[in-house]
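Student: Quick note on the working numbering: the sequence shown kicks off at 690 and runs consecutively.
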Amino acid sequence: MKLLLAFSRKGRADPGREPVIARVVKETGVLINVEKANIDSMAGEMLIDVPNKDADLVRRRLEEMGVTVRVMENAVVRDEEECVDCGACVSVCPQEVFSFDAEWRLVVSAERCVLCGKCIRACPHGALSQQG
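#1: Where DSSP assigns a beta bridge to E734, which residues make up the other side?
#2: Where does V758 land, buried or exposed, given buried means 16+ other C-beta within 10 angstroms?
#3: To the nearest angstrom, how far is it from the Cα of G718 to the Cα of V756?
#4: Measuring only the C-alpha atoms, how far is L804 from A791?
#5: Check whether the region 806 to 815 touches the region 780 to 791, taking contact to mean three or more Cβ pairs, one atom from each stretch, closer than 8 Å.
#6: Relative to the alpha-carbon of L720, which residue among M754, K742, V796 and M731 has its alpha-carbon at the smallest distance?
#7: Should V747 and V713 be called a contact, given that it needs their Cβ atoms to be closer than 9 Å?
#8: On the CB-based measure, 16 or more other CB atoms within 10 Å of its CB, does R767 come out buried or exposed?
#9: Buried or exposed: which applies to V709, given that a residue is buried once 16 or more other Cβ atoms fall within 10 Å of its Cβ?
#10: Is C802 near V786, with beta carbons less than 9 Å apart?
#11: Leaving out five residues before and five after Q819 in sequence, what residues of the same chain have Cβ atoms less than 8 Å from its Cβ?
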């Protein structure tokens with residue numbers, strides 16, 4: 690399951706100053722895959738992937754440490770009425786989120802998405818959006 694983490698790095702006690710991912714892995718024994726991270730001197734945002742069975746445990750522990758956690762069940766959403774199955778998203782997606790079925794209809798595997806936004810910018814009909 691994908692979790693989107695947000696944290697501050699402004700004060701000495703803020704979670705962004707601590708190795709929260711390493712601490713959660715050590716304390717829970719759950720392996721965490723960091724899929725995307727954007728961290729600067731003031732704040733950070735990170736997309737992680739954890740096994741579904743351990744997602745609640747990891748989420749609770751991160752929240753206890755002061756990290757804001759959002760579950761990303763459908764990271765990219767397709768408006769089926771607006772989509773014309775043109776495939777513009779297929780060609781730009783680095784994670785192979787998009788493919789075609791046997792009838793050449795677009796198929797979305799949202800669980801593979803890392804929130805890069807390339808598909809949203811490429812869609813000529815504005816049929817794609819990010820969750821939240």
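Cβ coordinates follow ideal geometry from the N, Cα and C atoms, glycine included. Predicted model, so just to flag it, every value in this text is computed and none were measured.
Tutor: Taking the structure as given:
#1: In DSSP, E734 forms a bridge with A695 and N727.
#2: It is buried - the Cβ of V758 has at least 16 other Cβ atoms within 10 Å.
#3: 19 Å
#4: 27 Å
#5: yes
#6: Closest in C-alpha terms to L720, from the list M754, K742, V796 and M731, comes K742.
#7: yes
#8: The residue is buried, with at least 16 neighbouring Cβ atoms inside 10 Å.
#9: buried
#10: yes
#11: The residues A764, V765, V766, L804, G806 and I809, in chain order, have a CB closer than 8 Å to that of Q819 in the same chain once the five nearest residues on each side in sequence are set aside.
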